[in-house]
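Input: a single structure, listed below in structure tokens.
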Amino acid sequence: MSGEQERAQEISSIDLIIELYKKDVDRTLLRQNLKLTPSQRVEKFSEFLRQQAAMRGTLQKSAKES
Amino acid sequence: MSSLLEAFLPLFEEHGVHCILIGGWAATAHGSLRSTVDIDFVYSRSDDNMDRLVSALQSSHPYLRGAPPGLPFQFDQATLRSGLNFTLTTQLGDIDLLGEVPGGGNYEQLLPYSEQFQLAGYPCQCVTLDKLIELKRAAGRPKDFEAIAELETLREERERQKKG
Chain A
294 MSGEQERAQE ISSIDLIIEL YKKDVDRTLL RQNLKLTPSQ RVEKFSEFLR QQAAMRGTLQ
354 KSAKES
Chain B
16 MSSLLEAFLP LFEEHGVHCI LIGGWAATAH GSLRSTVDID FVYSRSDDNM DRLVSALQSS
76 HPYLRGAPPG LPFQFDQATL RSGLNFTLTT QLGDIDLLGE VPGGGNYEQL LPYSEQFQLA
136 GYPCQCVTLD KLIELKRAAG RPKDFEAIAE LETLREERER QKKG
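If you read the protein sequences in the order shown, they are chains A and B. Read in order, the letters of the first sequence are residues 294 to 359 in this note's numbering. Read in order, the letters of the second sequence are residues 16 to 179 in this note's numbering.
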């Protein structure tokens, strides 16, 4: 098999894997997110990260106290 | 606590740094729901821009991510010029500064495949969704396969919305 044929085979197997993963993607959530502007999407994600950090801080604090 | 984007964009704007947002935060701007732990930029390697980049980041004390502490690393013009791609940890969070990326080339080559968004209140040059998918595919990392699947689905949904 030539290098080019091997490469083509490699690409097609990667495509197959990606197609398999696509079955697990939640399109409903993506459609909701597409209604937002890029700025709103970033703000939403930043807020999620802030909440995550706050929750982590609370858990660490309660773990120290117990 | 501010997000990485909220932390770095004001500095880049203040110092006039020319760079393009790629990676997970670019995916978020395009509608991805996946989380990311660092922020990735392709930066212009013009002398002036590298000077501006050093000025912008120096106060956040960049250091080589994952390297043992105490190395004589200095994030200065000489270091930036002698290297290309840097994975750094800073007091503001982790940042990847890339002079070139597989599938995208350098800043000047990637610029036509970017668009300007207003993010966190600042203008931000962001790689297009199509190019972002190309970059992820070119990187060829198995950990990116799920992300590519989501981005391609996102593109399909966006096309479907456009058609109507």
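Beta carbons are placed, not taken as given, at the ideal position from N, Cα and C, and that holds for glycine. The structure displayed is predicted, hence computed values, not measured ones.
Buried or exposed: which applies to residue i, given that a residue is buried once 16 or more other Cβ atoms fall within 10 Å of its Cβ?
i	result
Ala-41 (chain B)	buried
Ser-50 (chain B)	exposed
Gln-10 (chain B)	Residue numbering for chain B in the displayed model covers 16 to 179; residue 10 (chain B) lies beyond these limits and cannot be assessed.
Gln-176 (chain B)	exposed
Lys-146 (chain B)	buried
Glu-167 (chain B)	buried
Leaving out five residues on either side along the sequence, give the residues of the same chain with a beta carbon under 6 Å from the beta carbon of residue i.
i	result
Gly-38 (chain B)	Asp-55
Gly-118 (chain B)	Glu-149, Leu-150 and Ala-153
Please report whether the beta-carbon of residue i lies at a distance below 8 Å from any beta-carbon of chain A.
i	result
Ile-163 (chain B)	yes
Ser-18 (chain B)	yes
Phe-23 (chain B)	no
Can you confirm whether residue i, when its beta carbon is compared against all beta carbons of chain B, has any partner nearer than 8 Å?
i	result
Ser-332 (chain A)	yes
Ser-306 (chain A)	no
Ser-339 (chain A)	yes
For a contact defined as C-beta to C-beta under 8 Å, what are the partners of residue i on chain B?
i	result
Arg-320 (chain A)	Thr-168 and Glu-172
Leu-327 (chain A)	Gly-46, Leu-169, Glu-172, Arg-173 and Gln-176
Along chain B, in chain order, which residues have C-beta atoms closer than 9 Å to that of residue i?
i	result
Arg-349 (chain A)	Ordered by position in chain B, no residue passes the 9 Å Cβ test against Arg-349 (chain A), which lies about 11 Å from the chain.
Leu-352 (chain A)	By Cβ distance, chain B contributes nothing, its closest Cβ being about 15 Å from Leu-352 (chain A), past 9 Å.
For residue i, write down the residues that DSSP places opposite it in a beta bridge.
i	result
Asp-91 (chain B)	Asp-91 (chain B) is not bridged to any residue.
So, for residue i: in the same chain, excluding its five sequence neighbours on each side, which residues have a beta-carbon less than 8 Å away from its beta-carbon?
i	result
Asp-66 (chain B)	Gln-92
Gln-344 (chain A)	none
Identify, in the order they occur along the chain, each residue of the same chain with its Cβ nearer than 7 Å to the Cβ of residue i, setting aside the five sequence neighbours on each side.
i	result
Ser-75 (chain B)	Thr-105, Gln-106 and Leu-107
I want to verify the contact list: residues of chain B whose CB lies under 7 Å from the CB of residue i, in sequence order.
i	result
Leu-309 (chain A)	Residues of chain B passing the Cβ test: none, with the nearest at roughly 10 Å.
Please list the partners that residue i has in chain A, where partner means a Cβ-to-Cβ separation under 8 Å.
i	result
Phe-160 (chain B)	Ile-307, Ile-310, Ile-311 and Tyr-314
Thr-43 (chain B)	Arg-334, Val-335 and Phe-338
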